[in-house]
Amino acid sequence: MTMNKNIALTLLLACACAALPAGAQTMKPGLWSLSNQVTSSDPAVAQAMAAVQQQMASMSPEQRRQMQQMMQQNGVQLDIGAGGALQTQLCMTRDMAERKEFPVQQGDCKQTFTQQSATRGHIAFTCTKPRVSGEGDVTSDGDTRYRARMKIRSDEQGRNQVVDMDVTAKWLAADCGNVRPIAVPRAK
98 MTMNKNIALT LLLACACAAL PAGAQTMKPG LWSLSNQVTS SDPAVAQAMA
148 AVQQQMASMS PEQRRQMQQM MQQNGVQLDI GAGGALQTQL CMTRDMAERK
198 EFPVQQGDCK QTFTQQSATR GHIAFTCTKP RVSGEGDVTS DGDTRYRARM
248 KIRSDEQGRN QVVDMDVTAK WLAADCGNVR PIAVPRAK
């Protein structure tokens, strides 16, 4: 199964943002369900995101299974939900929750998390390989729910691309089942 570079980048960004719970005040370790609504005012980016949604919707059961297995190997379950939202599940370990680090997927990345109140914080990250940066606000509702609004910028072949992502997350269970934890490099 082949995907063009824009589609792969969109999936990478979605997976990176899906991991936001580690940045919040106190998050329960275990299996989390996230709904990621991705939008962009850039027609090329919007077209790439629509292509991801269309490609996933038209996959045969075998292709969908292969894609989901590939994503699971990277610690994320991914599917398209209502309204085109990317539905993900991820496993957050106790160590990830205690470190409160934004688990970026790959590359040379730096991140900061600034606690603004008991339930709100601001997160920012910059990666050089791939060239991706973002920032946003995280609001937690106890240790089992949170919402985040992120703005993510990427530079692909000299073209700046911006996506907005609204994430709604809830804790499902202490046991992650067959979803393995995301491999999280230590932030620099």
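Residue numbers (the working numbering): 98 to 285.
Glycine included, C-beta positions come from ideal geometry on N, C-alpha and C.
Bear in mind that the values here come from a model prediction, so they are computed numbers and not experimental data.
Taking Cβ positions, are residue i and residue j nearer each other than 8 angstroms?
i	j	result
Q294	D139	The structure shown does not extend to residue 294, since the chain is modelled only from 98 to 285, so the question has no answer here.
S137	V260	yes
M189	P126	yes
W268	Q186	no
S132	Q184	yes
V235	G255	no
Quick one, which of the options has its alpha-carbon nearest residue i's?
i	options	result
C206	T225, S214 and V149	T225
A141	A270, S251 and G218	S251
E195	N275, T123 and P278	T123
S237	T216, A270, A148 and I220	T216
A154	V135, A143 and A182	A182
D240	R191, E253, V276 and V135	R191
A313	P278, G218, C273 and Q134	Lying outside 98 to 285, the shown extent of the chain, residue 313 is not represented and no answer is given.
P278	M156, R161, Q160 and M193	M193
State the CB to CB distance for the pair residue i and residue j, rounded to an integer number of angstroms; the pair is presumed to be in contact (CB under 8 angstroms).
i	j	result
A266	R242	7 angstroms
Below 8 angstroms, how does it come out for the segment 226-235 and the segment 244-261: are there three or more Cβ pairs, yes or no? yes
If you scan the segment 207-255 from start to end, which runs of the alpha helix (DSSP H) of 4 or more residues do you find wholly inside it? none
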